[in-house]
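One structure below.
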């Protein structure tokens, strides 16, 4: 930017480019540059962001880097009469604070306004708190309310939906009902799917087919602000090649994201994690809620006539801000519940088909992980 026009109360964070002595561009994002301005023009937040809250209508911003300085003219424009909150509604998780995005439009340009210019309040302070002079909010309990921003005669509102994760890892489809899923396959026949806890067992007989695949379809509006989607599966001897997730951000079109594991070991449980930041802008609150629509497993050729047993142990969302709760005794697979799927997980541990901590699996306290622990786990479930 060789000259800048900013609205009153606007905020601007310059981006700096670096050139060598020959005039060649060598860095498109120089760090460590500080900016300054006359108090009459505004002030600088954190050495990097200009806030146009002064009385002067024009002046200059000065950038300093390792003793070198450069200035850029700036003109302050009117435009506070059409200030509005950028999002009609957002989701917050009760752990992260969120600074309300405020904008104005000058001509064809949408420009950011500092929330410091407005006075804020929450219509239900038991659900959401917000700094009166900062516009920084935080969810306090699950529910919905509105926050209100006022500047002179301008008033705008935003709905805040507070969705606090109950655990760091939560099942997407608790107590899964397999009849609510659509399952389809090429390269297999005689499919049998049986719900087990928060997942299901999947059996099929191999047949010859082009582009073999298994498609699991059910639309889930995912809770809160998940950092990642997780699938835990033991492929058995099924020739799984990769996983394709069908996803949709709020207001967007369906997209597909492929994950190809570095290695897939037969008869051993694997964890497939898809970070939200890998397929959408995770920091943009307008993208939430996000939805998981389908999971496709692309396969290599199955042997005709061979029966394959696959075990989908869980479909989960992961919330890294949520505290990691102490594991329950008997919760071998870490899904927050103690049921038959933990018995299977423990047996897989004993057979060296899965890796779980010995301290979690030694349920009878004899210092070894063996069949005695399976008996102890079954007794724990039956209590």
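Residue numbers (our numbering): 3 to 385. Beta carbons: idealized from backbone N, C-alpha and C, even for Gly. Just so it is clear, the structure is predicted and the values come from calculations on it, not from any experiment.
- With 16 or more other CB atoms across the displayed protein chains lying within 10 angstroms of its CB, residue 102 is buried.
- Shown here for residue 272: same chain residues with a beta carbon closer than 8 Å to its own, the five before and five after excluded, namely 234, 235, 236, 237, 263 and 266 in chain order.
- The stretch 309-318 makes contact with the stretch 205-213; the number of CB pairs closer than 8 Å reaches 3 or more.
- Residue 77 is not a Cβ neighbour of residue 99, given a cutoff of 9 Å.
- Non-local C-beta neighbours of residue 168 in its own chain, meaning closer than 6 Å and more than five positions away in sequence, are absent.
- Restricting attention to 94, 319 and 97, the CA atom closest to the CA of residue 275 is found in 319.
- DSSP places residue 351 inside the alpha helix (DSSP H), whose first and last residues are 342-352.
- Around the CB of residue 335, 16 or more other CB atoms lie within 10 Å, so the residue is classed as buried.
- The C-beta of residue 254 has fewer than 16 other C-beta atoms within 10 Å across all chains shown, which makes the residue exposed.
- Per DSSP, residue 142 lies in no beta strand (DSSP E) and is assigned neither H nor E.
- DSSP, read as helix, strand or coil, puts residue 211 in coil.
- For residue 63, there is no enclosing alpha helix (DSSP H); the residue is found in the beta strand (DSSP E) stretching over 60-67.
- Cα atoms of residue 111 and residue 6: separation of roughly 12 Å, rounded to the nearest angstrom.
- For residue 167, the secondary structure class from DSSP, reduced to helix, strand or coil, is coil.
- Contact between residue 215 and residue 294 is absent: CB atoms are separated by about 17 Å, not below the 8 Å threshold.
- Rounded to whole angstroms, the gap between the alpha carbons of residue 136 and residue 120 is 8 Å.
- The alpha carbon of residue 113 has as its nearest neighbour, out of 345, 197 and 13, the alpha carbon of 13.
- For residue 315, the number of other beta carbons within 10 angstroms of its own is at least 16, and it is reported as buried.
- Taken atom to atom, the span from the alpha-carbon of residue 292 to that of residue 25 is near 45 Å.
- Buried is the label assigned to residue 340, since at least 16 other Cβ atoms lie within 10 Å of its Cβ.
- Nearest to residue 313 by alpha-carbon distance, out of 353, 199 and 385, is 199.
- Residue 164 is positioned such that its CB atom lies closer than 9 Å to that of residue 143.
- Using a Cβ distance threshold of 9 Å, residue 337 and residue 228 do not count as a contacting pair.
- In the structure shown, residue 301 falls within a strand segment according to DSSP collapsed to helix, strand and coil.
- Excluding five sequence positions before and after residue 333, the CB atoms of its chain that fall closer than 8 Å to its own CB belong to 339, 340, 344 and 362, given in chain order.
- Between residue 63 and residue 38, the C-beta gap is smaller than 9 Å, which places the two residues in contact.
- DSSP, reduced to helix, strand and coil, places residue 157 within a strand of the structure shown.
- Approximately 7 Å separates the beta-carbon atoms of residue 287 and residue 93; this is inside 8 Å, confirming the contact.
- When DSSP states are grouped into helix, strand and coil, residue 180 belongs to the helix group.
- Between the beta-carbon of residue 160 and that of residue 89 there is about 6 Å, and that keeps the pair under the 8 Å contact cut.
- Assigned with DSSP and collapsed to three states, residue 275 falls in strand.
- Proximity to residue 252 across 245, 258, 158 and 224 peaks at 224, based on C-alpha coordinates.
- In the DSSP assignment, residue 382 falls within the alpha helix (DSSP H) that extends over 373-384.
- Residue state for residue 200 is assigned as coil, using DSSP reduced to three classes.
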